[in-house]
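Below: one structure, written as structure tokens.
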Amino acid sequence: MKPGVKRRIGIADTHGNRRVTVSACLELVLSQVPSLMDQVLDGLRLAAGLDPHKSAGRGGFRPELKPVIQQLLDQRDSLRNAFSGQVRILSYGGVSDPGSRPLVRFEDIQLLDVHQLDQSIELARVQQELDFTAGEALPRLNALMSTVMGWINVQPNINPLRPELFAKALRDTMAAHISIAEIRSEILASAAGRLGVGLRQVYREITEWLLSHGVEPAGTTPPTLAGAAATRNTEKSNETTRAVITLERLRRLLSADMGDVASLSGRPGGDFLHTIPASLTALQDMKQVEAMIQRLELRKKQQSASSGNAAAQHVDLSLRGPMDGRQLGQQIGEEVTRMMLDNLTQDERLLGQVRSALQGLSGSLLELARSDVRFFSDHRHPARQFLDRVTDRSLAYTTEDEPGYARFVESINGAVQTINASTELRAVAFALEMEKLLAVWQQDDKAQLALREETARALLHVEQRNLLAQRLVDQWLGRMKEQPVPLLVRSFLVGPWAQVVAESQLNCTRGSTDPQGYLAVVDELIWSVQPWQARRNPVRLVEMIPAMLATLRSGLQLIAFPPRRISQFFDELIACHETVLQEARAAREKQELAAHAPGEGAHGDAGGPGVQDVQDAALDETMPSEAPWLGEAETADAGYLEAEAVMPLDPATLEVSDADRQEAQSASESISEGAWVELMLDGEWTRLKLTWSSPHRTLFMFTSTRGRAHSMSRRSMARLLATGMIRIVSSGLMLDDALDAVAQTALRNTLASGQAPGHAGAV
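Next comes the structure, spelled out in structure tokens:
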């Protein structure tokens, strides 16, 4: 098949009568990926005028880019392989859900250099082009792929064929072959459009293929991305009528060196730099002067309608007239503050009264943004801390009639009124009110905090015991591998008895590794269930059984092992010993078999390969790493939950796709203390906060507003996340989310402005 000719996905691409799987869909699309790169390269060749049979037409590349395009054409195989490999890695989950992460976070703007920000902008441009070009074919595919993945509602953010994965693959492939950012950006702009056209066709074909195989779309199909983008472009404000000289002056102001700053501002450069708030630095790095001006001019028009021409003229003069560094910095700081506050007060995770209280702080926050350079850059700033604490605590409430909510709202309304009326510096006012609020809340939570600390100590002991038990198991497995040990005894040793020995060692203050003989009984128990050993010395077996059973009972009682399960294990163990003794008596009666007893014993309990696999799987389930042990009292005190206690009874609802399982595993590994979740308990969603995780992150404790603890293992949490029995409400601080949204708005406006990365400040 020659380059540029793409084999279409058709009805013939069938997997028989088998159910359509995610893997089958991915492999069909991946078979088209090399041809997608061929289409991109052929388009670049045509645009560069390198096709001898066709003219370049309008909108071609600059002549100096032709050698670069030719070099790409010469490396066609390398580009095809690199692009295909990147798409395969990303589609099969090589990275965790990129669609859930912002391309640029507000707190990173101060840390990232211009090159890193340009990379984010470059990737966002490619993604935007793919969304626009291929977006109309995406909603139906999202609905069908969601069904294949086991969802009843559309889940576009976890579609393994979503455009952002192809965007990242294209950008990374080009970055590996074109090192100069300016040249790469210009070529990517053309390449992304051509990839989008090919991707749209692939989306249509895989959609038809899925429909032909009887796949029904999930949920309700959302509006097309292309249509949404077109609507945004149509509604985009074109109100910026400012003279070019003013825009260029602002660009120079935010990107020039010290001498240029002095000449443009009319003030000494060093003095000016000390007046720029951190918000200005943020927008400087994001090259977002245009976005600020558009919003300010829109506000000017709104003010004109409400306050008359005189007020509008005043605003217009303030914008059009020369600004020194302080004025410009203050206006940008105010604009970022308004955007941040808008994002907070529109967040529906907060109840209405809380959002109203936050809106009441707008005047104080705007004043703070004008005067305090630390507000945007310092997480420890009192105002930031105040907003963080208030919004975080408010997530505990899902309705306004919950116990404690009225008192909470009353406390924050009082704090807001005091801050607004204070004659102190705004930072001081926020700090004083935060201290008062914390004192009130700590008093309200005093009993809960004590209970939480006690539960955390108990869970920490459980983790220490479990980790020690796992180390013991690793040692014992080596011994049992060399000798035939029944599954009954192996499961007992790696399960409850490892916990017994670990508990005994943790409780021992004298430094002994076996203070009560629980470790020594391991070898005795292994010896006692091996027929060929007992045949040699049946007297020893008979004599050791009573003392061994007493030691086992004492140890199991140490960890509060259920009496019913103790009796059940003892019955099975005694039956095993009786079998061993019977075989020993039979061996004495048949002396001619004595010489072969070791060999027979070595193979008599092994079973076939299939039996061994089943036994190994059963053994894995009892490992300390898979099943942490908690006694009945420990379980009750810690509110410990097994996944099975929460999951629905209908087995059909337990089917989880690989993509869901991977996403849940990633979420369980990355979730941090302070996150808010909702857990399905007794048929209702219960709002909980992750208040503690063990040092090795094997156990997690969640608490409700009433202080009740619910704990679980990481394995259980991953299973509950995968099946939708836990959903994450907030994985971090809401103020950070609001500021990240500001950064995303800045990034979108940068793309809409049409500037090339690294050239926003050029004249």
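Residue numbers for the sequence shown follow our numbering, so the first one is 538 and each next one is one higher. Just so you know, even glycine gets a beta-carbon here, dropped at the ideal spot from N, CA and C.
Residues in its own chain within less than 6 Å of Leu1093 by CB, not counting five upstream and five downstream?
-> Mapped onto the sequence shown, residue 1093 falls at position 556. The residues are Ile1103.
Can you name, in chain order, every residue of its own chain whose Cβ lies under 7 Å from the Cβ of Trp1064, other than the five neighbours on each side?
-> As a position in the sequence shown, residue 1064 is number 527, starting the count at 1. These residues qualify, in order along the chain: Gln1070.
Do you know offhand how far Leu762's Cα is from Tyr740's?
-> As a working mapping, residue 762 is identified with position 225 in the sequence shown. As a working mapping, residue 740 is identified with position 203 in the sequence shown. Note that Leu762 has pLDDT 33, beneath the 50 cutoff, so the model's placement of it is unreliable and the number below is only indicative. Spanning the alpha carbons of Leu762 and Tyr740 requires a straight line of approximately 14 Å.
How big is the Cα-Cα spacing for Arg917 and Leu1062?
-> Position 380 of the sequence shown holds residue 917. Position 525 of the sequence shown holds residue 1062. The straight-line gap from Cα to Cα measures roughly 59 Å.
Mind reading off the beta-carbon distance from Ala680 to Val691? Whole number of angstroms is fine, and I expect it under 8 Å.
-> Position 143 of the sequence shown, counted from the first residue, corresponds to residue 680. Position 154 of the sequence shown, counted from the first residue, corresponds to residue 691. Going by Cβ atoms, the distance from Ala680 to Val691 rounds to 5 Å, so yes, they are a contact pair.
Local conformation of Glu742 per DSSP, three classes = Taking the sequence shown and counting its residues from 1, one reaches residue 742 at position 205. If DSSP states are grouped into helix, strand and coil, Glu742 belongs with the helices.
Pick out whichever of Leu748, Ser621, Arg886 and Leu587 has its Cα sitting closest to the Cα of Asp611.
-> Position 74 of the sequence shown, counted from the first residue, corresponds to residue 611. Taking only the C-alpha atoms, the option nearest Asp611 is Leu587.
Nearest-angstrom Cα separation, counted from Ser1250 out to Thr1050 | Along the sequence shown, one-based indexing puts residue 1050 at 513. Along the sequence shown, one-based indexing puts residue 1250 at 713. Straight-line spacing of the CA atoms in Thr1050 and Ser1250 works out to 27 Å.
Counting only the same chain and skipping the five closest in sequence on each side, list residues whose C-beta sits under 7 Å from that of Glu1210.
-> As a first step, residue 1210 is located in the sequence shown; it is residue number 673 there, counting from the start. So the qualifying residues of the chain are Leu1227, Thr1228, Trp1229 and Ser1230.
Give the C-beta separation of Leu902 and Thr874 to the nearest angstrom, bearing in mind that I take them to be a contact with Cβ-Cβ under 8 Å.
-> Looking up residue 902 in the sequence shown gives position 365. Looking up residue 874 in the sequence shown gives position 337. The pair is a contact, with the Cβ atoms about 5 Å apart (cut-off 8 Å).
Between Val577 and Arg731, is the Cβ-Cβ spacing less than 7 Å?
-> Here the question's residue 577 lines up with position 40 in the sequence shown. Here the question's residue 731 lines up with position 194 in the sequence shown. Yes, these two residues count as a Cβ contact at 7 Å.
When burial is assigned at 16 or more other CB atoms within 10 Å of the CB, is Gln664 buried or exposed?
-> Along the sequence shown, read from residue 1 onward, the residue named residue 664 stands at position 127. So Gln664 ends up on the buried side.
Taking 7 Å as the cut-off, decide whether the C-beta atoms of Thr710 and Phe598 are in contact.
-> By one-based count along the sequence shown, residue 710 stands at place 173. By one-based count along the sequence shown, residue 598 stands at place 61. No. Outside cutoff.
Less than 8 Å between the CB atoms is what I'm expecting for Pro1023 and Ser1041, so what's the real figure, rounded?
-> Reading the sequence shown from its first residue, position 486 is the one you call residue 1023. Reading the sequence shown from its first residue, position 504 is the one you call residue 1041. Contact between Pro1023 and Ser1041 does not hold, since the beta-carbon distance rounds to 24 Å and is not under 8 Å.
Which whole-angstrom value is the C-beta distance of Val1266 and Val1183, which I expect to be below 8 Å?
-> Translated into positions along the sequence shown, residue 1266 becomes position 729. Translated into positions along the sequence shown, residue 1183 becomes position 646. Not a contact, Cβ separation roughly 17 Å.
Spatial neighbours of Ser948 in its chain, beta-carbon cut-off 7 Å, leaving aside the 5 residues before and after | In the sequence shown, the residue the question calls residue 948 occupies position 411. Closer than 7 Å at the Cβ level, and outside the excluded window around Ser948, lie Leu974 and Val977.
Could you give the residue range of the beta strand (DSSP E) that holds Phe1239?
-> Taking the first residue of the sequence shown as 1, we reach residue 1239 at position 702. Note, Phe1239: beta strand (DSSP E), Leu1236 to Thr1240.
Distance between Phe669 and Asn775 (C-alpha atoms, nearest Å) = Taking the sequence shown and counting its residues from 1, one reaches residue 775 at position 238. Taking the sequence shown and counting its residues from 1, one reaches residue 669 at position 132. Residue placement at Asn775 is flagged as unreliable, the pLDDT there being 31, under the threshold of 50; the coordinate-derived value follows with that caveat. Asn775 and Phe669: Cα-Cα distance of roughly 21 Å.
Three or more beta-carbon pairs under 8 Å between the stretch 917-926 and the stretch 956-975, yes or no?
-> yes
Compute the distance between the beta-carbons of Glu904 and Arg963, then report whether it is under 7 Å.
-> Your numbering for residue 904 matches position 367 in the sequence shown. Your numbering for residue 963 matches position 426 in the sequence shown. Contact flag set, yes.
Tell me which same chain residues have a C-beta within less than 8 Å of the C-beta of Pro1232, skipping the five on either side of it?
-> Stepping through the sequence shown from its first residue, residue 1232 is reached at position 695. Closer than 8 Å at Cβ, skipping near neighbours: Leu997 and Glu1000.
Among Gly735, Gln980 and Tyr1177, which residue has its Cα nearest to the Cα of Glu673?
-> Counting from one through the sequence shown, the residue named residue 673 turns up at place 136. That would be Gly735, whose Cα lies nearest to the Cα of Glu673.
So, are the CB atoms of Ala1006 and Gln1036 less than 7 Å apart?
-> In the sequence shown, counting from the first residue as 1, residue 1006 sits at position 469. In the sequence shown, counting from the first residue as 1, residue 1036 sits at position 499. In contact: Ala1006 and Gln1036 (Cβ atoms closer than 7 Å).
Tell me, please, which residues DSSP counts as bridged to Leu732.
-> Here residue 732 refers to the residue found at position 195 of the sequence shown. Beta-bridge pairing links Leu732 to no other residue.
Pairing CB atoms from the stretch 602-617 with CB atoms from the stretch 720-727, are three or more of them under 8 Å?
-> Result yes; three or more Cβ-Cβ pairs closer than 8 Å.
By how many angstroms is the C-alpha of Arg737 removed from the C-alpha of Asp929?
-> Locating residue 929 in the sequence shown gives position 392, where the first residue counts as 1. Locating residue 737 in the sequence shown gives position 200, where the first residue counts as 1. Between the alpha carbons of Asp929 and Arg737 lies a distance of about 42 Å.
With 16 other Cβ atoms within 10 Å as the buried cut-off, status of Ser628 = Taking the sequence shown and counting its residues from 1, the one referred to as residue 628 is at position 91. Ser628 is classed as buried because its beta carbon has at least 16 other beta carbons within 10 Å across all chains shown.
Under 7 Å, do Gly1015 and Ala1097 count as touching if we go by C-beta distance?
-> For the purposes of this step, residue 1015 is taken as residue 478 along the sequence shown, with counting starting at 1. For the purposes of this step, residue 1097 is taken as residue 560 along the sequence shown, with counting starting at 1. Not a contact, by the Cβ cut-off of 7 Å.
Which of helix, strand or coil DSSP assigns to Thr1228 = Along the sequence shown, one-based indexing puts residue 1228 at 691. In this structure, Thr1228 counts as strand in the three-state DSSP scheme.
Within the same chain, show all residues whose beta-carbon is closer than 8 Å to that of Gly889, passing over the 5 residues directly before and after it, in chain order.
-> Here the question's residue 889 lines up with position 352 in the sequence shown. Excluding positions up to five away in sequence, the list reads Glu937.
Classification of Asn1003 by the beta-carbon crowding that lies within 10 angstroms, buried from 16 upward = Walking along the sequence shown from the start, residue 1003 turns up at place 466. Buried, since its Cβ has 16 or more Cβ neighbours within 10 Å.
Kindly indicate which residue of Asn880, Gly870 and Ser615 has the alpha-carbon position closest to the one of Asp909.
-> Here residue 909 refers to the residue found at position 372 when the sequence shown is read from its first residue. Checked all of Asn880, Gly870 and Ser615; the closest Cα to Asp909 is Gly870.
Under a three-way DSSP split, which group does Ser1250 fall into?
-> Along the sequence shown, read from residue 1 onward, the residue named residue 1250 stands at position 713. Reduced to three states, the DSSP call for Ser1250 is strand.
Exposed or buried, which one is Glu666 when buried takes at least 16 other CB atoms within 10 Å?
-> Start at 1 with the first residue of the sequence shown, and residue 666 comes out as number 129. Under this definition Glu666 is a buried residue.
Glu742 to Met1254, Cα distance in whole Å?
-> The residue labelled residue 742 in the question sits at position 205 within the sequence shown. The residue labelled residue 1254 in the question sits at position 717 within the sequence shown. Their Cα atoms are separated by approximately 38 Å.
Collapsed DSSP secondary structure at Tyr1055 in the structure displayed = Taking the first residue of the sequence shown as 1, we reach residue 1055 at position 518. If DSSP states are grouped into helix, strand and coil, Tyr1055 belongs with coil.
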